[in-house]
Amino acid sequence: METKEDLLIDLESEISMEHATRWQRLANFIIDYIVYYALSFVAGMLLAIMGMAELLTNKMFAYLVAIVVFVLYYSLAEGTSGRTVGKLITGTKVVKEDGSSVTFGDALKRSLSRLVPFEPFSALGYSPWHDRWTDTYVVKK
């Protein structure tokens with residue numbers, strides 16, 4: 527039997543599940559890519575300081591570093607707080623379908639999904655593939 531408190535919790539959950547707007551999602555994308563490029567630059571500088579700059583001339587190694595930075599940024603940010611820098615700025619958060627917080631595994635799946643070519647264009651539809659494939663949503667906080 528549900529109490530008044532249970533009903534209020536359910537109602538709060540429904541209210542807080544308002545999906546982020548397309549403009550918020552676009553802002554998240556732009557801000558997070560700026561952060562990603564800054565982190566990639568820092569990673570390159572660290573490799574250069576460690577005497578591994580010549581490895582970055584190898585395209586395959588450079589791509590590997592870029593992918594690792596990308597996956598780590600999104601997975602760590604979303605897996606710990608559900609929020610990347612972009613989501614912090616726009617006041618949004620990633621959650622599971624039921625409104626609960628995403629796990630690190632969920633965030634890792636989202637990050638790997640983003641690596642699919644043309645995945646950013648999937649946002650032109652109802653929701654991006656990285657949301658649909660992982661049963662997650664970006665909601666207003």
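Read left to right, the sequence shown gives residues 527 to 667 (the numbering used here).
Backbone N, C-alpha and C define an ideal beta-carbon position, used for all residues, glycine too.
{"Check": "Local Cβ density within 10 Å of leucine 634, reported as buried at 16 or more and exposed below that", "Outcome": "buried"}
{"Check": "Continuous alpha helix (DSSP H) stretch holding tyrosine 559: start and end", "Outcome": "548-575"}
{"Check": "Where lysine 585 falls: helix, strand or coil (DSSP)", "Outcome": "helix"}
{"Check": "Valine 628 (DSSP reduced to helix, strand or coil)", "Outcome": "coil"}
{"Check": "Lysine 613, DSSP secondary structure in three states", "Outcome": "helix"}
{"Check": "Buried/exposed call for glycine 651, threshold 16 Cβ in 10 Å", "Outcome": "exposed"}
{"Check": "Rounded separation between glycine 631 and glycine 605 - CA only", "Outcome": "7 angstroms"}
{"Check": "At least 3 beta-carbon pairs within less than 8 angstroms: the segment 544-558 vs the segment 606-618", "Outcome": "yes"}
{"Check": "Cα-Cα separation between alanine 574 and valine 591, rounded to whole angstroms", "Outcome": "13 angstroms"}
{"Check": "Residue interval of the beta strand (DSSP E) (run including tyrosine 663)", "Outcome": "662-666"}
{"Check": "Beta-carbon gap between serine 637 and valine 595 smaller than 7 angstroms", "Outcome": "no"}
{"Check": "Whether glutamate 623 touches aspartate 657 by CB criterion (7 angstroms)", "Outcome": "no"}
{"Check": "Of the listed residues Pro646, Gly608, Ser601, nearest to valine 665 (C-alpha basis)", "Outcome": "Gly608"}
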